[in-house]
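Residue numbering for the sequence shown follows my numbering, starting at 16 and increasing by one per position.
Quick reminder that beta carbons are idealized off the backbone N, C-alpha and C, glycines included.
Below: the structure, in structure tokens.
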Amino acid sequence: MGVKTYTKECELGVSASRVFKAMVLDDHNFLPKVLPQGFKSIDIVHGDGGVGTIKQINFGESTQSKHMKHKIDVLDKENLVYKYTLIEGDMLGDKLERIVYEVKFVPVSHGKCCLKMVSEYHTVGNVELNEEEIKSGKERAMGMFKAIEKYLVDNPTAYA
């Protein structure tokens, strides 16, 4: 098994606590509402929403993937850190065992934050990853973050 690590940062014009509440704590309501073309539903399969919980994300019509399941590894509400492991889904294919994501929601100035993301791709054997597919996935994620930012800016009392 090999591990390939990628990092990415994205600055948003919304406070870290609001983005964390929307994207992490209320993702099952927020994401399908704000991005219905991308998210059909998010359901808890096992657990109470805390560490160890397994969620199933059912994707909308505009995505290539149908669903994925992830397990929450860290849910730090005080330091605004969310870490989870993608454990099932067609995006793993036959090349990936799992993907571990960690997102830190870091305040950078009044009313703004920086999302600091680390993705660890755990491959089956020494399989080479398609860098273009990974880059494309990161670009889609950036688009999602900007749509979330727009919604929260347009709705200043949401998740305040």
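TODO: Decide yes or no for the touch test of the region 18-27 against the region 119-137: beta carbon pairs closer than 8 angstroms, at least 3 of them.
DONE: yes
TODO: Taking 8 angstroms as the threshold, find out whether the region 64-75 comes into contact with the region 154-170 through three or more Cβ pairs.
DONE: no
Task: Sufficient close CB pairs (3 or more, under 8 angstroms) joining the region 44-54 to the region 108-116 - done: no
- [ ] With Tyr-174 as the anchor, note down where its beta strand (DSSP E) starts and where it stops.
- [x] Careful: Tyr-174 lies outside any beta strand (DSSP E) and carries neither H nor E.
- [ ] State the Cα-Cα distance for the pair Tyr-174 and Lys-36, rounded to the nearest angstrom.
- [x] 6 angstroms
TODO: List the residues that DSSP assigns as beta-bridge partners of Tyr-21.
DONE: Beta-bridge pairing links Tyr-21 to Ser-134.
Task: Contiguous alpha helix (DSSP H) assignments of at least 4 residues, all confined to the region 62-126 - done: none
TODO: Check whether the Cβ atoms of Val-29 and Gly-108 lie closer than 8 angstroms to each other.
DONE: no
TODO: Go to Leu-46, then tell me how far its alpha helix (DSSP H) extends in each direction, as first and last residue.
DONE: 42-49
TODO: Tell whether a beta-carbon distance below 8 angstroms holds between Val-139 and Lys-110.
DONE: yes
Task: Option nearest Asp-88 by Cα separation, candidates Val-121, Val-39 and Lys-81 - done: Val-39
Task: Ala-162 and Val-49 closer than 8 angstroms at C-beta - done: yes
Open item on the list: Run through the DSSP bridge pairs and tell me what Leu-27 is partnered with.
Closed with: Cys-128, per the DSSP bridge assignment.
Open item on the list: Helix, strand or coil for Val-60? Go by DSSP, reduced to three states.
Closed with: strand
Task: CB-CB length for Asn-73 against His-61, believed under 8 angstroms - done: Actually they do not touch by this definition, with Cβ atoms about 16 angstroms apart.
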